[in-house]
Amino acid sequence: MKIDMKKLTKICFGIFLASLLLSVAFWFIQINSLDRVGPTIKMDKKTLTVGIKADDEDFLKGVTAVDDKDGDVTDTLVVEKVSNFLEDGKRVVTYAAVDKSTNVTRASRVVKYKNYKSPRFQLKKPLIFASTSSDGLDIMENLKVKDKIDGDISDQIKVLSDKTVDLYDAGDYKVDFRVTNSAGDTITLPATIEVYDSDKERERPFIYLDQYVIYVKKGQKVSPGSHIEKVAVGTGYDMDPDDIISDVSTSQVQYDDSKVNYKKRGTYEIKYKVKVDSHVGTVRLIVVVY
103 MKIDMKKLTK
113 ICFGIFLASL
123 LLSVAFWFIQ
133 INSLDRVGPT
143 IKMDKKTLTV
153 GIKADDEDFL
163 KGVTAVDDKD
173 GDVTDTLVVE
183 KVSNFLEDGK
193 RVVTYAAVDK
203 STNVTRASRV
213 VKYKNYKSPR
223 FQLKKPLIFA
233 STSSDGLDIM
243 ENLKVKDKID
253 GDISDQIKVL
263 SDKTVDLYDA
273 GDYKVDFRVT
283 NSAGDTITLP
293 ATIEVYDSDK
303 ERERPFIYLD
313 QYVIYVKKGQ
323 KVSPGSHIEK
333 VAVGTGYDMD
343 PDDIISDVST
353 SQVQYDDSKV
363 NYKKRGTYEI
373 KYKVKVDSHV
383 GTVRLIVVVY
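With positions in the sequence shown counted from 1, the corresponding number in my numbering is that position plus 102.
#1: Straight-line CA distance for Tyr370 to Asn363?
#2: Can you confirm whether the region 301-314 touches the region 329-348 when touching is taken to mean that 3 or more C-beta pairs between the two stretches lie within less than 8 angstroms?
#3: In this structure, what does DSSP give as the bridge partners for Ser210?
#4: What are the boundary residues of the beta strand (DSSP E) that includes Asp274?
#5: DSSP puts Asp169 in a beta bridge; with which residues?
#6: For a test of the three-state rule: what should DSSP assign to Gln356, helix, strand or coil?
#7: What does the alpha-carbon distance come out to for the pair Ser185 and Gly286?
#8: Count the other CB atoms, across all protein chains shown, that sit within 10 Å of the CB of Asp169; report buried if there are 16 or more and exposed otherwise.
#9: When the Cα atoms are used, what is the spatial distance from Asn217 to Glu159?
#10: Determine the direct distance from the alpha carbon of Gly173 to that of Ser183, and round the result to whole angstroms.
#11: Under 8 angstroms, do Ile251 and Ile347 count as touching if we go by C-beta distance?
#12: Please work out which residues of its chain come closer than 7 angstroms, Cβ to Cβ, to Ile255, disregarding the five sequence neighbours upstream and downstream, and give them in chain order.
#13: Give the single residue among Tyr374, Gly327 and Thr149 whose Cα lies nearest to the Cα of Gly191.
#14: Could you compute how far the alpha carbon of Ala232 sits from the alpha carbon of Met242?
#15: Give me, in chain order, the residues of the same chain whose beta-carbon lies closer than 8 angstroms to that of Ile394; leave out the 5 immediate sequence neighbours on both sides.
#16: Please determine, among Ser360, Ala209 and Thr204, the residue with the shortest C-alpha to C-alpha distance to Lys323.
#17: Whole angstroms are fine: how far does the CA of Gly140 sit from the CA of Thr204?
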């Protein structure tokens with residue numbers, strides 16, 4: 103029997119074309135039936151107020167996720183990211199939810215921390231040191247930082263200065279103390295470190311204050327004289343102030359707070375000065391207006 107090759111070729115081509123068309127149609131149907139739309143995330147509040155110790159569970163309150171095909175997928179919600187502080191105790195929380203087709207949807211909202219305050223410096227003793235040849239002196243020994251979120255973060259304080267603090271040479275050294283908490287809130291405390299001649303310690307008068315860093319609200323004022331506790335000659339600042347007997351009247355202490363702008367946020371210094379015979383003693387109160 104003679105085979106008609108042309109006819110056979112046409113038949114094969116027709117079968118191939120039909121298969122191709124069926125494959126394309128099947129592919130088209132599959133593509134159109136795929137779930138390409140992620141869940142919808144809804145929040146009952148545009149801005150959420152939380153406590154200082156808030157965690158992911160608190161951030162997720164009032165947040166739901168619903169998918170067109172899978173229904174309620176709230177149980178897939180996670181806190182994907184929490185930003186650093188932006189301003190006034192506010193952060194941005196980013197949520198994510200996923201459906202069964204692995205479509206992911208993200209949404210964000212502002213979270214405000216109730217009663218949040220930036221970390222604050224505390225200074226038990228003034229930043230005044232006798233000149234020394236020892237390398238073991240820690241100028242930050244009495245400087246502490248308390249944070250609402252992280253607690254004590256004193257071990258994270260950094261010292262920034264254009265000039266090396268030389269404890270061998272008497273003089274004043276300008277520095278910045280800086281610290282950042284886990285939420286990215288960075289605070290800086292400009293200060294002056296005073297190094298005095300240790301050979302003159304026995305004659306130098308020392309002024310003791312009840313505190314050496316004070317925070318005041320903008321518009322309020324400090325009463326510099328009310329912070330003077332005692333004045334004593336030759337005692338230094340290594341001793342416990344409670345063990346020191348004042349032998350110089352506090353009325354002899356002079357101070358000037360004219361450079362403190364109580365109407366503008368910033369950090370300022372009030373310098374106290376006392377003279378006994380020909381010897382002068384000074385101390386500074388750091389004022390942070392917030």
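We put the CB at the ideal spot given by N, CA and C, even for glycine. Just so you know, these numbers come straight off a predicted model, no measurement behind them.
In short, the structure shows the following:
#1: Within the sequence shown, residue 370 is the residue found at index 268, counting from 1. Within the sequence shown, residue 363 is the residue found at index 261, counting from 1. So the two alpha carbons sit approximately 8 angstroms from each other.
#2: yes
#3: Within the sequence shown, numbered from 1, the residue matching residue 210 stands at position 108. Ser210 is bridged to Thr196.
#4: One-based indexing of the sequence shown puts residue 274 at position 172. Taken as a continuous stretch (DSSP letters only), the beta strand (DSSP E) holding Asp274 covers Gly273 to Thr282.
#5: Along the sequence shown, one-based indexing puts residue 169 at 67. According to DSSP, which records beta bridges pairwise, Asp169 is partnered with Gly173.
#6: The sequence position of residue 356 within the sequence shown is 254, counting from 1. It is a strand residue.
#7: Numbered from 1 along the sequence shown, position 83 holds the residue referred to as residue 185. Numbered from 1 along the sequence shown, position 184 holds the residue referred to as residue 286. Straight-line Cα distance between these residues: approximately 8 angstroms.
#8: As a position in the sequence shown, residue 169 is number 67, starting the count at 1. That one is buried.
#9: As a working note, residue 217 is residue 115 in the sequence shown. As a working note, residue 159 is residue 57 in the sequence shown. About 20 angstroms.
#10: What you label residue 183 is simply residue 81 of the sequence shown in a count that begins at 1. What you label residue 173 is simply residue 71 of the sequence shown in a count that begins at 1. One point to set straight first is that residue 183 is Lys, not Ser, in the sequence displayed. Their Cα atoms are separated by approximately 25 angstroms.
#11: Stepping through the sequence shown from its first residue, residue 251 is reached at position 149. Stepping through the sequence shown from its first residue, residue 347 is reached at position 245. No.
#12: Looking up residue 255 in the sequence shown gives position 153. Counting only Cβ-Cβ distances below 7 angstroms, and skipping sequence neighbours, we find Pro221, Val247, Asp249, Val281 and Asn283.
#13: Along the sequence shown, one-based indexing puts residue 191 at 89. Among Tyr374, Gly327 and Thr149, the Cα nearest to that of Gly191 belongs to Thr149.
#14: Against the sequence shown, residue 232 aligns to sequence position 130. Against the sequence shown, residue 242 aligns to sequence position 140. C-alpha separation (whole angstroms): 15 angstroms.
#15: Limits of the chain in this structure are 103 at one end and 392 at the other, which puts residue 394 out of reach.
#16: In the sequence shown, counting from the first residue as 1, residue 323 sits at position 221. Of Ser360, Ala209 and Thr204, the residue nearest in Cα terms is Ser360.
#17: In the sequence shown, residue 204 corresponds to position 102, counting from 1. In the sequence shown, residue 140 corresponds to position 38, counting from 1. The straight-line gap separating the alpha-carbon atoms of Thr204 and Gly140 is approximately 8 angstroms.
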